[in-house]
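Here's the structure, in structure tokens; my notes come after.
Residue numbers (this note's numbering), protein chains in the order written: chain F, 1 to 537; chain G, 538 to 676; chain R, 677 to 1008.
Now the structure itself:
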């Protein structure tokens, strides 16, 4: 479906005008093309034993739900209320102050009031009140409660698959109400009825079977890495043999599979291998634990756990000492905030120590997982790496903080430190749009499907708007980031809103500037484009 | 993880704070105000003459307002006479009118003011009558 | 929606108290029964709600991190917004509860000619902080009615609150908080009515407490500055409640009983409403947990083993392909 031109896309958005009808009276929800993902396929749900596996078509009036679907949802809410204090408290204490309202990129980009975090949560809260609070039972609608019926269910589906779980709202909420948590719960409930999207359930099934979302089988993964090494050889003259499933290696390296496959992720992947080669790191890839990302996280926490169990199991099988993680957003949210609870105590690994610098990563002493940016920043600080920054001189760089790493971990300085050490031109975007206040790319949490492009372009607008600002002011032409979804989602976003701005991972920039021992005079960057000052200009 | 201990600790603090008025009252007497109007100056008057500038009920609720009005009238407008609802005229003076009869500040003024925790600032400017203090000391 | 309903309810409550005391003369009901009942409901209800939340565990440690994290590297940690220790968390919670730090961060987004502008916006914070602190001061000041001797702290608060030494219409000293709470309440109510977004999300239960508290404040102000009441009699009543020797002194007008009844309603309503955010903010897992996830394991009491794919199954499926590609396998 063709999108309107950028200047037209959000011309219909008016954040100050609300519909005349109260929000409870606007059912049934209209499934607008470009605003929802396609429904899950039965075979993908069945492969991972999800309930009610059947081909699910969103626009079909009949969603082929189980007989007692209503009861399933209500019992599901009850169970989650009892299990999650987050959910329980967040259902109860919102005062509807509205501080979150204009913090959501989807609200800013669509003007749809149900994209205000508070109202997104109220969609589910109203159902909760009806069945679980005395005020809801007694006062009904006047108590903010409503009956769960098929139209309400469809509305829940529509709007909880329009949230990217970026947590920007939770930053501003005076009580820390986290819409991501509510979305996670809502999606768990929807998944009890087999109401997933194709774009999430497909990768989940793939990941279960092959270890990665894309369904890359082991031999393909190997040839992909070798293919990249061919390119590296062309560029640097150095031949790298990627270690795969190597037992006894010191470190297991895991990165999102997006880095194995799509432009510009592959350049980042080349960067990892060049970096590890240069410092002589004793590491290994695993063809099974070959996905740091986790689309299970967008399905249910249980599914997330099922998909990530392989990582520590592989670490154990391959007898490594610790795990190094690549650049990814939600991967790091899961790794950082959930892994230890799910899989700990991790007593078969060692507290990570950089074999090059000797730095002991005490802050990862329990999970034994270190972020590549932490690892690289430490290398740079110790002067281990030599750079020719001028190789990146054609790049005027800004850094997009990925939501999950920002608000689920708090890593802001490491990537900036790295970029400033390998690039001469770096400019941050305005303060209200970076670091903990960063705007989402608009495509996170499984929303980077093609069929939801209009919603993505609208949701990505606040981010693009800030990029446009530094593009116009400083001539920024590259958005660096440490997230595989960003690397997939930002290029179309930039092409749409700020043409001329490209996207890259941070390690790509590192590898491009890094002077490798024994390399030939480089003529090309990792994308095989002429380096600045080397022809073509 | 429940953090049960912290929650219970918090609830105990909550409980202690909200019941503080009750717990503070334990073992203490329930006090009642009893402003005295039996000063010698009043007792000297014949019973029919024992009347304040306005009715007792009015004085209870409005005396503070009246005193402020008197002050403003005397100090700012130079008016010194007050005509009450009965048509009777009084000199607008705290010391020469009010305290003339109510010479027992501690038993009359302070009794209620202390009771409801009100601190009038009459005595920031006026000289506090000393006799009561002397009397009490003598007793 | 529901502003009318909320207003009518509060007006109904006011009328009920007026009717009950001035017409029917059930003063004891309003002076003794309702206050006691409300207090008991408040205390037990509050504890019940907290315990109910407390019974739900915190399965995962998911703080919202709002600053640079702690790491073994040299970067300076933001210890308040991204705490890694219990002390840090205590500090973060202190600022959250006492200065509304998250709300202070508030911004406003505006679209102008196809561009987005995001700027600082502190009005909501100011209104909220003015309201809450005014309410707290007023609440504490009222302790003079519930204790024979107020502690010096409360005397100090009271004298600070009235330090302007201004009289309105010759009435007692003006309390600053009377002005600030009125202004804050009208602001909070006004934005619910005038800001289309806030209006759209508001429920009757959002307007009701505003009108209720407005009613309480108004009757309080009327009693203090305009229609005098016999304060000694009122203190006799309130002390009677505290000493469990309840009395209904004569000469207390309906205005006071309306005030007391609305306060009773507020107390009784509190545990069953959004006002519980007072207790809830302490239990919010995105704020009250340290971001030390990779250092210390957080245990989930209901964690259960899940079915997942083991390497053996994986190798069984792909063994031939792996061997062909020269990838090491477990079983030849």
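We treat Cβ as the ideally placed atom computed from N, Cα and C, and that holds for glycine.
**Item:** Helix, strand or coil at residue 284/F [DSSP, three-state]
**Value:** strand
**Message:** Using only CA atoms, which one of 808/R, 697/R and 961/R lies nearest to residue 774/R?
**Reply:** 808/R
**Asked** Shortest alpha-carbon distance to residue 627/G belongs to which of 664/G, 651/G, 589/G and 613/G?
**Response** 589/G
**Request:** Could you tell me whether the Cβ of residue 569/G comes closer than 8 Å to any Cβ of chain R?
**Result:** yes
**Request:** Name, going along the chain, the residues of the stretch 633-647 of chain G whose beta-carbon falls closer than 7 Å to a beta-carbon of chain C.
**Result:** Absent from the structure: chain C. Protein chains present are F, G and R.
**Message:** Can you tell me whether residue 1003/R is helix, strand or coil according to DSSP?
**Reply:** coil
**Asked** Rounded C-beta distance between residue 740/R and residue 171/F? I'm assuming under 8 Å.
**Response** Sure, about 6 Å apart at Cβ, within 8 Å.
**Item:** According to DSSP, residues forming a beta bridge with residue 796/R
**Value:** 783/R
**Message:** Which of the three DSSP states is assigned to residue 878/R in this structure?
**Reply:** coil
**Asked** Does the stretch 186-205 of chain F come within contact of the stretch 218-227 of chain F, defined as at least 3 CB pairs closer than 8 Å?
**Response** no
**Reduced DSSP category for residue 5/F - H, G, I as helix; E, B as strand; rest coil** = coil
**Request:** Below 7 Å between beta carbons is the criterion; list the residues of the stretch 895-911 of chain R that meet it against any residue of chain G, in chain order.
**Result:** Answer in chain order: 904, 905, 906, 907, 908 and 911.
**Message:** With a threshold of 8 Å between beta-carbons, can residue 605/G be considered close to chain R, or not?
**Reply:** Yes, residue 605/G lies at the interface with chain R (some Cβ there is under 8 Å from its Cβ).
**Asked** From which residue to which residue does the alpha helix (DSSP H) around residue 277/F run?
**Response** If you look at residue 277/F, you'll find it in the alpha helix (DSSP H) that goes 265-279.
**Expected contact under 8 Å - CB spacing of residue 127/F and residue 89/F to nearest Å** = Incorrect: roughly 17 Å between the Cβ atoms, too far for contact.
**Prompt:** Can residue 849/R and residue 833/R be called in contact, C-beta distance under 8 Å?
**Reply:** Not a contact, by the Cβ cut-off of 8 Å.
**Span separating the alpha-carbon of residue 98/F from that of residue 113/F** = 11 Å
**Request:** Would you mind sorting residue 726/R into buried or exposed? The rule is 16 or more other CB atoms within 10 Å of its CB.
**Result:** buried
**Prompt:** Closest Cβ-Cβ distance between residue 422/F and chain R: below 8 Å?
**Reply:** no
**Asked** If the cut is a Cβ gap below 9 Å, which residues of chain F does residue 776/R touch?
**Response** Those are 174, listed as they occur along chain F.
**Prompt:** Would you call residue 367/F buried or exposed, if buried means 16 or more other Cβ atoms sit within 10 Å of its Cβ?
**Reply:** With 16 or more other Cβ atoms within 10 Å, it is buried.
**Any C-beta of chain R under 8 Å from that of residue 347/F** = no
**Item:** Cα-Cα separation, residue 582/G to residue 695/R
**Value:** 44 Å
**Message:** Comparing C-alpha positions only, which one of 195/F, 22/F and 256/F sits nearest to residue 213/F?
**Reply:** 256/F
**Item:** Residue burial classification, residue 918/R (beta-carbon count within 10 angstroms, cutoff 16)
**Value:** buried
**Asked** In this structure, does DSSP put residue 872/R in helix, strand or coil?
**Response** Correct three-state label for residue 872/R: helix.
**Message:** Whole angstroms are fine: how far does the CA of residue 839/R sit from the CA of residue 418/F?
**Reply:** 56 Å
**Message:** What are the residues in the stretch 590-605 of chain G lying within 7 Å of chain R by C-beta distance?
**Reply:** Taking 7 Å as the Cβ-Cβ cut-off against chain R, the residues of the stretch 590-605 of chain G that qualify are 597, 598, 599, 601, 602 and 605.
**Asked** Which one or two residues does DSSP pair with residue 619/G in a beta bridge?
**Response** 627/G
**Asked** Which bits of chain R does residue 541/G rub up against, with CB to CB less than 7 Å?
**Response** Identification of chain R residues near residue 541/G by a Cβ-Cβ cut-off of 7 Å yields 730, ordered along the chain.
**Prompt:** Taking the alpha-carbon positions, what's the residue 952/R to residue 458/F distance?
**Reply:** 36 Å
**Request:** State yes or no: is the C-beta of residue 905/R within less than 8 Å of the C-beta of residue 598/G?
**Result:** yes
**Request:** Name the one or two DSSP bridge partners that residue 530/F has.
**Result:** 524/F
**Message:** Does residue 758/R pass the burial test, meaning 16 or more other C-beta atoms within 10 Å, or should it be called exposed?
**Reply:** buried
**Buried/exposed call for residue 191/F, threshold 16 Cβ in 10 Å** = buried
**Asked** Using DSSP with H/G/I as helix, E/B as strand and the rest coil, what is residue 398/F?
**Response** strand
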